[in-house]
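Structure first, commentary second.
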Amino acid sequence: MQYGGAMTSCCRMWDTVLQISQFTKRVDVGSVAAMANYFNSLSLREQLAELGKCRFMHLDEFTEGVDALMGKKIVVIGCGAQGLNQGLNLRDSGLDVSYALREAAIAEQRQSWKNATENGFTVGTYEELLPTADVVLNLTPDKQHTNVVNTIMPMMKQGATLSYSHGFNIVEEAMAVRDDITVIMVAPKCPGSEVRAEYVRGFGVPTLIAVHEDNDPNGEGLALAKAYAVGTGGHKAGVLMSSFVAEVKSDLMGEQTILCGMLQTGSLLCFDKMIDEGIDPGYASKLIQYGWETVTEALKYGGVTNMMDRLSNPAKIRAFDLAEEMKDIMRPLYQKHQDDIMTGAFSSGMMDDWANDDAKLLGWRADTAETAFEKTEAGDMEISEQEYFDNGILMVAMVKAGVELAFETMTAAGIVADSAYYESLHETPLIANTIARKKLYEMNATISDTAEYGCYLYNHACVPLLADFMTGITSDVIGKGLDLSDAGVDNARLIEVNAAIRSHPVEEIGAVLRGHMADMKRIV
Amino acid sequence: MSETQIKLEDLSVDFDGRFRLDDITWAITPGQQWLIAGANGSGKSALAAVLAGEGDHISGTLVGLPGNVALVSYERQAELIAAELRKDDADILDVISEGTPVSEIIAEVCLDDALAQELVATLGLKPLTDRAFRKLSTGETRKVMLIRALTSRPELLVLDEPFDGLDHDSLEWLQGHLAALAETVPMVLVLNRFDECPDFITHIAYVDGGQLLHQVDRSDEQSLAELHQLIHLKTSELDVPAADPAMALPSLNPDEPLVQLSKATVRYTDNTVFENLDWTIDANEHWQVSGPNGSGKTCLLSLITGDHPQCYVNDIRVFGFQRGTGESIWQIKQYIGYVSTALQWEYRVGTSLRNVIISGFYDSIGLYTKSTDTQKAIADDWLHVLGMAGRSDEPFTGLSFGEQRLALIARAMVKHPPLLILDEPCLGLDDMNRQLVLALIERICRSGNTTVLYVNHRLEDAIPGIENHLALG
Chain E
-6 MQYGGAMTSC
4 CRMWDTVLQI
14 SQFTKRVDVG
24 SVAAMANYFN
34 SLSLREQLAE
44 LGKCRFMHLD
54 EFTEGVDALM
64 GKKIVVIGCG
74 AQGLNQGLNL
84 RDSGLDVSYA
94 LREAAIAEQR
104 QSWKNATENG
114 FTVGTYEELL
124 PTADVVLNLT
134 PDKQHTNVVN
144 TIMPMMKQGA
154 TLSYSHGFNI
164 VEEAMAVRDD
174 ITVIMVAPKC
184 PGSEVRAEYV
194 RGFGVPTLIA
204 VHEDNDPNGE
214 GLALAKAYAV
224 GTGGHKAGVL
234 MSSFVAEVKS
244 DLMGEQTILC
254 GMLQTGSLLC
264 FDKMIDEGID
274 PGYASKLIQY
284 GWETVTEALK
294 YGGVTNMMDR
304 LSNPAKIRAF
314 DLAEEMKDIM
324 RPLYQKHQDD
334 IMTGAFSSGM
344 MDDWANDDAK
354 LLGWRADTAE
364 TAFEKTEAGD
374 MEISEQEYFD
384 NGILMVAMVK
394 AGVELAFETM
404 TAAGIVADSA
414 YYESLHETPL
424 IANTIARKKL
434 YEMNATISDT
444 AEYGCYLYNH
454 ACVPLLADFM
464 TGITSDVIGK
474 GLDLSDAGVD
484 NARLIEVNAA
494 IRSHPVEEIG
504 AVLRGHMADM
514 KRIV
Chain C
23 MSETQIKLED
33 LSVDFDGRFR
43 LDDITWAITP
53 GQQWLIAGAN
63 GSGKSALAAV
73 LAGEGDHISG
83 TLVGLPGNVA
93 LVSYERQAEL
103 IAAELRKDDA
113 DILDVISEGT
123 PVSEIIAEVC
133 LDDALAQELV
143 ATLGLKPLTD
153 RAFRKLSTGE
163 TRKVMLIRAL
173 TSRPELLVLD
183 EPFDGLDHDS
193 LEWLQGHLAA
203 LAETVPMVLV
213 LNRFDECPDF
223 ITHIAYVDGG
233 QLLHQVDRSD
243 EQSLAELHQL
253 IHLKTSELDV
263 PAADPAMALP
273 SLNPDEPLVQ
283 LSKATVRYTD
293 NTVFENLDWT
303 IDANEHWQVS
313 GPNGSGKTCL
323 LSLITGDHPQ
333 CYVNDIRVFG
343 FQRGTGESIW
353 QIKQYIGYVS
363 TALQWEYRVG
373 TSLRNVIISG
383 FYDSIGLYTK
393 STDTQKAIAD
403 DWLHVLGMAG
413 RSDEPFTGLS
423 FGEQRLALIA
433 RAMVKHPPLL
443 ILDEPCLGLD
453 DMNRQLVLAL
463 IERICRSGNT
473 TVLYVNHRLE
483 DAIPGIENHL
493 ALG
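The listed protein sequences derive, respectively, from chains E and C.
Positions -6 to 517 (the numbering used here) are the ones given, in order, by the first sequence.
Positions 23 to 495 (the numbering used here) are the ones given, in order, by the second sequence.
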């Protein structure tokens, strides 16, 4: 998942982009149609090799520190939360960081200019800074990458390095970067404010790095990416070495299905069901708005196993059965999403919508704002932490089904388990947190336009798909909780269910990765 | 003034399992003005918070509380700041969140706009009303809390350490204002420093170990004298625990000053905090820094620690490094021990008291490295000195404000840093612990290995051995 505001990105974050994208939009339309897809240009063998790249790096692989970047001139493009906070960390690590802004942003002293200047950074125009830059960090939203990269490439010096935080532009839009330029990716897996806060504490956030093999003329891409990760503090929290392809294909899949799609569909279905069942609308709204965050918090600490263990035994067995049923119903949909991502059909469909002034995206966004869930204020009743589990059995089942299906589908498509884990289970709590803040509006405003588009695609297919299933649902699994006058269960059945939950592959890799992270994380 | 008596009978109150008040029996009769006294961690603030409706009542009764009780406390201040920081944390939009402006924070609870205007002007907050609340200095946020309380038309005013952190002028004004207000509004004050007890206080409640041990009418001189004695327990002989021999720092050039600022300037688009400030700190030259709230004391210190981003656009040489020439911030911080209220706000990680002290060896907030047995032993020695022996494994976040402060002071001193920066270290400390901390600082000044920069407002907290003085604003 990429962190970059969809709605805000256009108007506030990168001051300059709006104007460029307006006059180049028509050009894009032509080039999109003609544009190749990088992944599709690879042989099957190469595709599988790229998808299979993902390795958790150990701390002793970072003994060179920031040496590879020391004394190099680093220029950041995009002074939003990622751009600013990463820059602050890199500078505090001893590196030379400055910010390139459009002339208008400087002349009018816009927010991006203020952010950079008040923090004591050198600010200059592209023309002033890019020709002497050794490393350019492109921290703008993906949708603008084609414009940004086409604009800056001619100004970059021979042998410089271009860094991305998301591979969409390279993989799906087949951006051909000049042969002499090294192309790397360094993507902290947290919002910008946290990237800074953790660094200041003396720690960091988990970070994904990659080198674009076609653009590594001097073979120094990996050393540069590692140094960059050290400069932001990421090496202390854990670095995953991946590839552009694996990052894009797994990122898109995760965000469309479990991370955003499933939570949106689940919110709408659960709310409507509770209203049908006569539950107080304020209560229903609150149970969902804060429920995702509460149940996925348990997921963050101890995976699906711990989330399920928070339920009573009878409730756990019910949630398990519901999840199994939903997995069977939704499996073809997850496969279709993965297939469309792999063939490039998803990207080209979305780019058609870009070319059509985001007609679909904006329409779907407006529809979401009109849903009953979105329009019903959360009530002011108290709901205890445990009650979110007890009365939200169906929500727990939906999270379990979505996480497992996304993971199974990604790994079946050749994405390695580590990547699949990070792009499904690991990020679910972060997205759930946005719903707690301001419901679906906030989630969709927060995620990238790409994720939002994919989320709506999923939702439109998934709601009708689950319609039959939902007719059999009553308030005992959503809204009221089981009547536990008899909490007895059959031992054999419970053992069987527990074993099935614990032996799922997402739990196996999760235990390993959370173990790594715990080793590196706070010693409490 | 209200005619109802506030009555607590055998009241036991739990604070999230962190703290408990037991069997409190207390009556506040109209016309009485109370002071709650006691040591750090005794339950003073908890008792005050009960009057503002906090905590879970386990048994007993509480009747007669008016509907509108205003509470000013470090805990409330911390909650408000934490809520603002959370807004920032949770912000996964790729934009920089600006936070809620001061004017909005005040307007949230204000029922008397005219008074608010007057207070904002009197306390010198006028230029700051558009600024984000979380960007204010410690003293400034405290003033905002006071304004919120005073303008909410309270029927009972509960002020927990209202005088701490205020500059001289504001302090004098507030004391006058409260004295006038005491005619019409019942008040309960919590003060760590007995010598600050205002004249209008009629009764004193002494709390220890979560129990209300003594209730003294101020006109009863005998009881008052006994209470004084109880509060002024003398500090025992103390030894500063040793540093960790395994953590030796790269040595400094003895001929070079520790810190050299040339024409230091901190400027934002809308204001200049200070400009053209020259300052050289030589080893073993201890300094005291003073100035009114918002004069830039903390800002100046953060140029030295490297926490202020504008340290890179100033001519600053620290510990042999010219800032902005490829050094990392951790190379600077290794020479510094630091404590401030801002640090305390930021220290929001779940870890034990012992680990908080050990984190001083690594300059981190939280502990991310395995500590050695030596370090654990040193941390425990410190806890012994602070009168907190045997509490090493308690979670830091469960401690009272004053106890947290003591732990952070130990964290700052634990590695015997070449430069020890103490930004109002005694905030929130009771008389006894204040004496203890001042004595520790004095010892460290005399040791010859550590140079001390000490920020405070109170002349009576001067430390023998600190002879240089820098006045700001």
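Heads up, the beta-carbon is just placed ideally off N, CA and C, and yes, glycines get one too.
Item to check | Identified DSSP bridge partners for R153 (chain C) | outcome: DSSP output for R153 (chain C) lists no bridge partner at all.
Checklist entry - In this structure, what does DSSP give as the bridge partners for F37 (chain C)? => result F37 (chain C) is bridged to C:F41.
Item to check | Proximity of S91 (chain E) and S350 (chain C) at Cβ, strictly below 8 angstroms | outcome: Annotated as distal: S91 (chain E) and S350 (chain C), with beta-carbon spacing of 8 angstroms or more.
Item to check | Interface residues of the stretch 270 to 301 of chain C facing chain E [CB-CB below 8 angstroms] | outcome: Along the stretch 270 to 301 of chain C, the positions whose C-beta sits under 8 angstroms from a C-beta of chain E are Y290 and T291, read in chain order.
Item to check | Euclidean distance between Cα positions of A461 (chain C) and R468 (chain C) | outcome: Their Cα atoms are separated by approximately 11 angstroms.
Item to check | CA nearest to the CA of A268 (chain C), picked from C:L449, C:D395 and C:R42 | outcome: The shortest C-alpha separation from A268 (chain C) is found at C:D395.
Next on the checklist: Rounding to the nearest angstrom, what Cα-Cα distance links P184 (chain C) and D242 (chain C) in this structure?
Outcome noted: A straight-line Cα-Cα distance of about 26 angstroms links P184 (chain C) and D242 (chain C).
Next on the checklist: With distance defined between alpha-carbon atoms, name the residue in E:D314, E:P210, E:M374 and E:G226 nearest to G275 (chain E).
Outcome noted: Of the listed residues, the one whose Cα sits closest to G275 (chain E) is E:M374.
Next on the checklist: Going by DSSP, what residue range makes up the alpha helix (DSSP H) through C467 (chain C)?
Outcome noted: Counting along the chain, the alpha helix (DSSP H) containing C467 (chain C) begins and ends at D453 to S469.
Item to check | A222 (chain E) versus V188 (chain E) - alpha carbon distance | outcome: Straight-line Cα distance between these residues: approximately 11 angstroms.
Item to check | Three-pair Cβ contact test at 8 angstroms for the stretch 371 to 385 of chain E versus the stretch 211 to 231 of chain E | outcome: No, they do not touch.
Checklist entry - Run through DSSP, which three-state label would D78 (chain C) get? => result Three-state result, D78 (chain C): strand.
Checklist entry - Where does C72 (chain E) fall in DSSP's three states? => result In the three-state reduction of the DSSP assignment, C72 (chain E) falls in the coil class, being assigned neither a helical nor a strand state.
Item to check | 6 angstroms CB neighbourhood of A26 (chain E) in its chain, flanking five on each side removed | outcome: Here A26 (chain E) scores only 40 on pLDDT, less than 50, and its place in the model should not be relied on; the value that follows carries that caveat. Excluding residues within five positions, none has a Cβ falling inside 6 angstroms.
Checklist entry - Along chain C, which residues have their Cβ under 8 angstroms away from the Cβ of F196 (chain E)? => result Near F196 (chain E) (Cβ distances below 8 angstroms), the residues of chain C are S386, G388 and Y390.
Next on the checklist: So, under 8 angstroms CB-CB, V378 (chain C) and R433 (chain C) are touching, yes? Tell me the CB distance rounded to an integer number of Å.
Outcome noted: Contact holds; Cβ gap of about 6 angstroms.
Item to check | Cβ-Cβ separation, K46 (chain E) to S236 (chain E) (assumed contact under 8 angstroms), whole Å | outcome: The beta-carbon distance between S236 (chain E) and K46 (chain E), rounded to whole angstroms, is 4 angstroms. This is short enough to meet the 8 angstroms contact definition.
Checklist entry - How would you list, in chain order, the residues of chain E whose beta-carbon sits under 9 angstroms from the beta-carbon of V361 (chain C)? => result Those do not exist, as V361 (chain C) stays about 16 angstroms from chain E at its closest Cβ, beyond 9 angstroms.
Next on the checklist: Please state whether the Cβ-Cβ distance between L178 (chain C) and L323 (chain C) is less than 8 angstroms.
Outcome noted: Going by C-beta atoms, L178 (chain C) is not nearer than 8 angstroms to L323 (chain C).
Checklist entry - Are there 16 or more other CB atoms within 10 angstroms of the CB of P149 (chain C), so buried, or fewer, so exposed? => result Classification for P149 (chain C): exposed.
Next on the checklist: Against R84 (chain E), what residues of chain C qualify as contacts under a CB-to-CB distance less than 7 angstroms, listed in chain order?
Outcome noted: Correct list: Y334.
Next on the checklist: Which residues of the stretch 220 to 254 of chain E have a Cβ closer than 8 angstroms to any Cβ of chain C? Give them in chain order.
Outcome noted: Residues K229.
Checklist entry - By Cβ distance, which residues of its chain are closer than 7 angstroms to G259 (chain E), with the 5 residues on each side in sequence left out? => result These residues qualify, in order along the chain: M388 and M391.
Checklist entry - According to the Cβ coordinates, are H138 (chain E) and F114 (chain E) closer than 8 angstroms? => result Contact: no.
Checklist entry - Cα separation between S34 (chain C) and H225 (chain C)? => result Their backbone Cα atoms lie some 22 angstroms apart in a straight line.
Checklist entry - At a cut of 8 angstroms, does the stretch 131 to 142 of chain C reach the stretch 154 to 163 of chain C through at least three beta carbon pairs? => result Two segments are said to touch when three or more pairs of C-beta atoms, one from each, lie closer than 8 angstroms; by this definition the stretch 131 to 142 of chain C does not touch the stretch 154 to 163 of chain C.
Item to check | CA nearest to the CA of D45 (chain C), picked from C:E489, C:M410, C:K392 and C:D32 | outcome: Restricting attention to C:E489, C:M410, C:K392 and C:D32, the CA atom closest to the CA of D45 (chain C) is found in C:D32.
Checklist entry - Between L147 (chain C) and G503 (chain E), what straight-line distance do the alpha-carbon atoms span, to the nearest angstrom? => result L147 (chain C) and G503 (chain E): Cα-Cα distance of roughly 51 angstroms.
Checklist entry - Any contact of the stretch 445 to 456 of chain E with the stretch 246 to 253 of chain E, i.e. 3+ C-beta pairs under 8 angstroms? => result At 8 angstroms Cβ cutoff, the stretches touch.
Item to check | Neighbourhood of P314 (chain C) by C-beta, 6 angstroms cutoff - its chain only, sequence neighbours within 5 removed | outcome: Leaving aside the five residues that flank P314 (chain C) on each side, the residues in its chain whose CB is nearer than 6 angstroms to its CB run, in chain order, D189 and G495.
Checklist entry - Does DSSP put R215 (chain C) in a helix, a strand or coil? => result In the displayed model, R215 (chain C) falls within coil according to three-state DSSP, outside both helix and strand.
Next on the checklist: Quick test of the definition: if touching needs 3 or more C-beta pairs under 8 angstroms, does the stretch 289 to 298 of chain C touch the stretch 273 to 280 of chain C?
Outcome noted: The stretch 289 to 298 of chain C makes no contact with the stretch 273 to 280 of chain C, as fewer than three CB pairs between them are under 8 angstroms.
Item to check | Three-way DSSP call (helix, strand, coil) for C132 (chain C) in this model | outcome: Coil, per DSSP.
Checklist entry - Are the C-beta of E349 (chain C) and some C-beta of chain E separated by less than 8 angstroms? => result Output row for E349 (chain C): interface = yes.
Item to check | V142 (chain E) and M168 (chain E) closer than 8 angstroms at C-beta | outcome: Yes, Cβ-Cβ distance for V142 (chain E) and M168 (chain E) is below 8 angstroms.
Item to check | Same chain, Cβ closer than 6 angstroms to K285 (chain C), neighbours up to 5 away in sequence not counted | outcome: Answer for K285 (chain C): N298, listed in chain order.
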